[in-house]
Each structure stands twice: as structure tokens, then as C-alpha cells.
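Trainee:
Numbering (the numbering used here), first residue to last: 637 to 995.
Put into C-alpha cells, the structure is as follows:
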């Protein structure tokens, strides 16, 4: 009896081993890490979540929304697989980081634009609804430089005759980013072009003459919502997601416009330079929304892990296909045009596997 039981157990074990040998090997999860722009965070997080759920459950992309400055530092230090920023690294912009990257890796950073977006003035004014407030250039320049300090200023009233009796006797609280930020880069690039009295320059961090700082687009949005009399700048997706009240503003052609994807698309309708670092500080079209920019993923030209590189390239290409661009439009970002996508794919296909790649 005992020997029969032993024989049965042995047979079952043998069958189990045989079945395991015939079973297909389970696919290994590929972990990909990125960090950077809060401007891009809503879109990147939606993209990669959808990719994991609907395309490849074995690819998990984690993205830290830490701001462009911190993301670029992690990219340079090699602690992430990709960075993201609305401010490119060139000899003119982010020059010290550009130099550090080239010295460490021996090649130019590979920065590929995946979408465009816009920046809106969001405000918290009791009794003033969404899109009711008009900010002409002299007004929003005056707020940013600290020359206009109260909401009942005669200049704001003159530009908003329908709101004159409702504009509160409140101090203006200007809210800006406290961290290194690509959103600040895009915003200051516009302010530098549009405002004659602006002395803060252009960068991911600038010297603000007035205001209070907050961390990330999330922090700026939260501060505006909490502080009556506050106004600040946020990415259009955060304005939508947080249901912030935003202003209509004057463009270079002198027309008062509100943000729309169509107006931002026309504003970004310019040829991409060879290094993809397109900047449009003050679009000239009659209907263009005036504060727009791209965001770039910052990639290496060599990766040590062939499987990780393959999966990263596949995921990025998916973001530029029909499913990815549907999400782009849903969140009010600006999809890249087809000629740009073909150039982006060509650059992705040039990335090499090198087991000794610096990281």
C-alpha cells in the first residue's frame, strides 16, 4: 500500500514537472522610470497607464512629477530612463545643464517633443466668473512686474467695464513656481518678449520681483484656490482638471483670446529645427493663443539594457499613434503633426544598445 502511494506521488510529480516544462515562460515585467515636468504629468501618466492596461501589461512606466529642473538633473545624473521638460537643453537655454550632459556622455541630449500645451492665467476673485476677466498686455505685465498691485486698479477697471463695479478692493497676490520649472521657462519666455519692463530673464527659475512661490503646477493651483485675490500661471490641463477660473488675454495681434486647442495649435504651427528645440515666445497669428510651448522627453542615445530600450521605444511610439493622440486631445494638449512624428520615430530608431553605456 505504501509503495503504491509512493509510486502515485512520484507519477504526479513527474507529470507536474513535465507540464511546467511545456508551459510558456512568463513574460518578465519591464520597469521604466522617468521624472520631470509637472506641465506634462497629466498626459504622461494617462498615456503610460493606458499603455499598461490596454497594450502591454508587462511594461510599467513610473513618472515622477518633480518639475523640469529636478527632472533634468536626474536625467543628467543617469538615475532615470528618461526626463521630461518644457525647456530644452541647448547652448542658449539650460546652457550649464547642456554642457554637463555633453561632458558626461560625449553626445548631444536626445530631446523629442511629444505634445504641445498652453499656459493660462488662473485667478480667485469673488464674484468674477470663468473667462469674464480680460487682461490686456499692459495689465498682465504690470501684475507680473509688481506695478499693478490691487484688483480695483483703474487700468484693470478700464479694460473690464462690465466688471468695474464687481472688481474687489483686494490686494493682488501673484503666485509663481518655487521649483525649477519648464512651465516657468515657457511663461518667462513669453513675458520676456511681451513685457518691456520685465527684468527677470528667461529660465526654469527666474528672479520674481513680487509674489509667493509654490511647488509644481499642483501647488500653484492649490494656492490660487485657497487665496482670495490670487492670480498665477498654470498649464491648461491643470486649469481644466482643477476647475480653475481663467482669464482671456491679449495676443500680439491685439486680439482678446481665450485658450483653445485650435488657437494653441495654430500658434505652434512652425517648422521644427534640427534639434527639435522649437520655441514660440510670442506667436503672431491674429487668432493665436499667446503663451504656448512644447514638452520634450529627454532620452539617451545609448542604453545598456536591450529589452528596456525596446519597450521604451515601443511605448513612446504608441503615444504618437491614434490611441495616444486621442488621450492628448482629451486633455487639451496639442498633438504633434505627422511630419514631426516621422522625424521623432527616425530618431528613436537610431538609439543604440551599448552594455557599457554611461548611466
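Where is the CB? At the ideal position from N, CA and C, for every residue including glycine. Since the model is a prediction, treat every value here as computed from it, not as a measurement.
Leaving out the 5 sequence neighbours to the left and right, which residues in its chain are closer than 6 Å to residue 833 when beta-carbon positions are compared?
Mentor: Along the chain shown, one-based indexing puts residue 833 at 197. If we look at residue 833 and ignore the five residues flanking it on each side, its Cβ neighbours are 781.
Trainee: Would you give the residue range spanned by the beta strand (DSSP E) that residue 870 belongs to?
Mentor: Within the chain shown, numbered from 1, the residue matching residue 870 stands at position 234. Where residue 870 is concerned, the enclosing beta strand (DSSP E) stretches over 866-871.
Trainee: One question on the structure: do residue 707 and residue 720 come within less than 8 Å of each other, judged by their Cβ atoms?
Mentor: One-based indexing of the chain shown puts residue 707 at position 71. One-based indexing of the chain shown puts residue 720 at position 84. Yes; because the gap between Cβ atoms is below 8 Å, this pair is in contact.
Trainee: Compute the Euclidean distance between the alpha carbons of residue 705 and residue 755, then round it to the nearest angstrom.
Mentor: Here the question's residue 705 lines up with position 69 in the chain shown. Here the question's residue 755 lines up with position 119 in the chain shown. Computed Cα separation, rounded: 18 Å.
Trainee: Run the CB neighbour count on residue 646, radius 10 Å, all protein chains shown included, and call it buried at 16 or more, exposed below.
Mentor: Taking the first residue of the chain shown as 1, we reach residue 646 at position 10. Only weak support is given to the placement of residue 646: the predicted model assigns it a pLDDT of 42, under 50, and the value that follows is read from those uncertain coordinates. By the 10 Å Cβ count, residue 646 comes out exposed.
Trainee: What ranges does the alpha helix (DSSP H) occupy inside the stretch 721-768, keeping only unbroken runs of at least 4 residues that lie completely in it?
Mentor: With a minimum length of 4 residues, the continuous alpha helix (DSSP H) runs that stay inside the stretch 721-768 are 731-741.
Trainee: What's the gap between the Cα of residue 738 and the Cα of residue 726?
Mentor: As a first step, residue 738 must be located in the chain shown, where it is residue number 102. As a first step, residue 726 must be located in the chain shown, where it is residue number 90. Each residue's Cα considered, the two are about 10 Å apart.
Trainee: Mapping DSSP to helix, strand and coil, what is residue 854?
Mentor: Counting from 1 along the chain shown, the entry for residue 854 is found at position 218. Helix at residue 854.
Trainee: With residue 813 as the anchor, note down where its beta strand (DSSP E) starts and where it stops.
Mentor: As a position in the chain shown, residue 813 is number 177, starting the count at 1. Per DSSP, residue 813 belongs to the beta strand (DSSP E) from 809-813.
Trainee: In angstroms, rounded to a whole number, what distance separates the CA positions of residue 829 and residue 962?
Mentor: On the chain shown, residue 829 is found 193 positions in, with the first residue counted as 1. On the chain shown, residue 962 is found 326 positions in, with the first residue counted as 1. Each residue's Cα considered, the two are about 33 Å apart.
Trainee: Give the DSSP bridge partners of residue 821, in chain order.
Mentor: As a working mapping, residue 821 is identified with position 185 in the chain shown. Its beta-bridge partners do not exist; DSSP assigns none.
Trainee: Below 8 Å between beta carbons: does that hold for residue 977 and residue 945?
Mentor: Along the chain shown, read from residue 1 onward, the residue named residue 977 stands at position 341. Along the chain shown, read from residue 1 onward, the residue named residue 945 stands at position 309. No, the pair does not count as a contact, with Cβ atoms beyond the cut-off.
Trainee: Suppose the cutoff is 6 Å on Cβ atoms and the five residues either side in sequence are ignored; what does the same chain contact list for residue 859 look like?
Mentor: The residue given as residue 859 occupies position 223 in the chain shown. Closer than 6 Å at the Cβ level, and outside the excluded window around residue 859, lie 811 and 850.
Trainee: By DSSP's criteria, residue 671 is part of a beta bridge. Which residues make up the other side?
Mentor: By 1-based counting over the chain shown, the position of residue 671 is 35. In DSSP, residue 671 forms a bridge with 700 and 719.
Trainee: Within a Cβ cutoff of 8 Å, which residues of the same chain sit near residue 888, ignoring the five residues on either side of it in sequence?
Mentor: Position 252 of the chain shown, counted from the start, is the residue given in the question as residue 888. So the list reads 830, 918, 919, 920, 924 and 926, once near-sequence residues are dropped.
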